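Peer 1:
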Amino acid sequence: MKDVALITGASSGIGLEFAKIHASRGGDLVIISRNLADLEKVKLDLQEQYKIEVVCIAKDLSVRGSATEIYKETIDKKIEVMYLINNAGFGGQGYFHERKWEADLAMMEVNMFALTELTRLFLPHFIKRKKGKILNTSSTAALMPGPLQAVYYATKAYVTSFSNALSSELEGTGVTVTTLMPGATETKFASTSGMDKTDLFSKTAPASEVAKDGYNGMLAGKLNVISGVPAPLRATLALAPFLPKKVMLDTIKKHQQVK
């Protein structure tokens, strides 16, 4: 395999668009998701259209140790990963004390622990060969606390902080870490998280547009890429750190209430 990108959450949404973009450039793929049937469909479509090689690995990243199993499988198959795209993630709407703890625990496992473990496992290989790129999908949610999505916002704040710190640590190594921070995007995220009935997701950006911005930002070695955010909201995000915290929290909470 050549010029391999490993992409988590690759069967739909932004992850699927990442896979399409990379395949269109002639790069081979290792695609990760829970459902093997979905992955196999993606594999057939991309191989037929772009004549590239695709390896499917079905893993539930909410299960501790799955990241290590993915890594070991690539090593056993002698696959040299050049691009690590940690895209898998999910959210969940509701009051923290009322939500199922198992759901929030799974969210933390996928959004933070699996991402961190995969990065830790593959990074030494990147550094050794002085070449490689990491793209971690965070969210504009990382820029502020999120009432009614308290855990999700906190996990994305972790992703951005972790990724930015690594980017600084890796200066001069030939390895870059880019953080993609999408706004509301047209994916399954909204319906599975319960956010599809909120003001926040009343208007969404195409997943293809967000993926293109993130992928190009990764190639350029950018630190952070904000995408899928209308100009007025970009201004609001820029002003967020200067707004009274109570006002900001009340505004976010209002936008995240189910209609």
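Throughout, this note's numbering is defined as the position within the sequence shown, counted from one, plus 96. Every residue gets a Cβ at the ideal spot worked out from N, C-alpha and C, and that includes glycine. Treat the numbers as computed from the prediction; the structure is a model and nothing was measured.
Taking only the alpha-carbon atoms, compute the straight-line gap between ILE110 and LYS341 and give it to the nearest angstrom.
Peer 2: For the purposes of this step, residue 110 is taken as residue 14 along the sequence shown, with counting starting at 1. For the purposes of this step, residue 341 is taken as residue 245 along the sequence shown, with counting starting at 1. Rounded to whole angstroms, ILE110 to LYS341 spans 31 angstroms at the Cα level.
Peer 1: Does DSSP put THR269 in a helix, in a strand, or in coil?
Peer 2: As a working mapping, residue 269 is identified with position 173 in the sequence shown. In this structure, THR269 counts as coil in the three-state DSSP scheme.
Peer 1: In angstroms, rounded to a whole number, what distance separates the CA positions of LEU217 and VAL273?
Peer 2: Against the sequence shown, residue 217 aligns to sequence position 121. Against the sequence shown, residue 273 aligns to sequence position 177. Near 15 angstroms, if we compare the C-alpha coordinates of VAL273 and LEU217.
Peer 1: Using DSSP with H/G/I as helix, E/B as strand and the rest coil, what is SER289?
Peer 2: For this step, residue 289 is matched to residue 193 along the sequence shown. With a pLDDT of 49 at SER289, under the threshold of 50, the modelled position of this residue cannot be trusted, and the question is left open.
Peer 1: Comparing C-alpha positions only, which one of ASP134, LEU157, LYS318 and HIS351 sits nearest to GLU267?
Peer 2: Position 171 of the sequence shown, counted from the start, is the residue given in the question as residue 267. The shortest Cα separation from GLU267 among ASP134, LEU157, LYS318 and HIS351 belongs to LYS318.
Peer 1: Look up ILE230 in the DSSP assignment and give the residues it is bridged to.
Peer 2: Residue mapping note: residue 230 aligns to position 134 of the sequence shown, counting from 1. For ILE230, which the question treats as bridged, DSSP gives the partners LEU180 and VAL273.
Peer 1: Count the other C-beta atoms from every protein chain shown that fall within 10 angstroms of the C-beta of GLY122, then say buried if there are 16 or more, exposed otherwise.
Peer 2: In the sequence shown, counting from the first residue as 1, residue 122 sits at position 26. Its Cβ having fewer than 16 others within 10 Å, GLY122 is exposed.
Peer 1: How is the alpha helix (DSSP H) around SER120 delimited, first residue to last?
Peer 2: Your numbering for residue 120 matches position 24 in the sequence shown. Segment 109–120, the alpha helix (DSSP H) holding SER120.
Peer 1: Quick check on this structure: which residue in VAL321, ASP156 and LEU333 has the alpha carbon closest to the alpha carbon of MET240?
Peer 2: Here residue 240 corresponds to residue number 144 of the sequence shown, with the count starting at 1. Minimum Cα distance to MET240 is reached at LEU333.
Peer 1: With DSSP run on the structure shown, which of helix, strand or coil describes ALA280?
Peer 2: By one-based count along the sequence shown, residue 280 stands at place 184. Note: ALA280 maps to coil in three-state DSSP.
Peer 1: Could you check whether the segment 203–216 touches the segment 153–165, counting it as contact only if at least three pairs of C-beta atoms, one from each stretch, sit closer than 8 angstroms?
Peer 2: Touching, yes, given that three or more Cβ pairs across the two stretches are closer than 8 angstroms.
Peer 1: Taking SER304 as part of the alpha helix (DSSP H), name the residues at either end of that continuous run.
Peer 2: Translated into positions along the sequence shown, residue 304 becomes position 208. Element bounds for SER304: 303–316.
Peer 1: Look up THR300 in the DSSP assignment and say whether it is helix, strand or coil.
Peer 2: As a working note, residue 300 is residue 204 in the sequence shown. If DSSP states are grouped into helix, strand and coil, THR300 belongs with coil.
Peer 1: So if DSSP puts THR104 in a beta bridge, which residue, or which two residues, is it bridged to?
Peer 2: Numbered from 1 along the sequence shown, position 8 holds the residue referred to as residue 104. Answer by DSSP bridge pairing, in chain order: ILE128.
Peer 1: Tell me the rounded alpha-carbon separation between ILE127 and GLN353.
Peer 2: Looking up residue 127 in the sequence shown gives position 31. Looking up residue 353 in the sequence shown gives position 257. Taking the straight line joining both Cα atoms gives about 34 angstroms.
Peer 1: Unbroken alpha helix (DSSP H) runs of length 4 or more, entirely within the segment 146–192: which are they?
Peer 2: Entirely contained in the segment 146–192, the alpha helix (DSSP H) runs reaching 4 residues are, in chain order, 162–172.
Peer 1: Counting only the same chain and skipping the five closest in sequence on each side, list residues whose C-beta sits under 7 angstroms from that of SER289.
Peer 2: In the sequence shown, residue 289 corresponds to position 193, counting from 1. Reliability of the predicted coordinates at SER289 is poor, the pLDDT of 49 falling under 50, and the value obtained from them is presented with this limitation in mind. Excluding sequence neighbours, SER289 sits near PHE186, GLY187, GLY188 and GLN189.
Peer 1: Return the chain-ordered list of same chain residues with a C-beta closer than 6 angstroms to the C-beta of SER158, the five sequence neighbours on each side being excluded.
Peer 2: Reading the sequence shown from its first residue, position 62 is the one you call residue 158. For SER158, where only same-chain residues beyond five positions count, the Cβ hits under 6 angstroms are ALA202, GLU205 and VAL206.
Peer 1: What are the boundary residues of the alpha helix (DSSP H) that VAL343 is part of?
Peer 2: For the purposes of this step, residue 343 is taken as the residue at position 247 of the sequence shown. 341–351 is the extent of the alpha helix (DSSP H) around VAL343.
Peer 1: Should VAL255 and SER234 be called a contact, given that it needs their Cβ atoms to be closer than 8 angstroms?
Peer 2: Counting from 1 along the sequence shown, the entry for residue 255 is found at position 159. Counting from 1 along the sequence shown, the entry for residue 234 is found at position 138. Contact flag set, yes.
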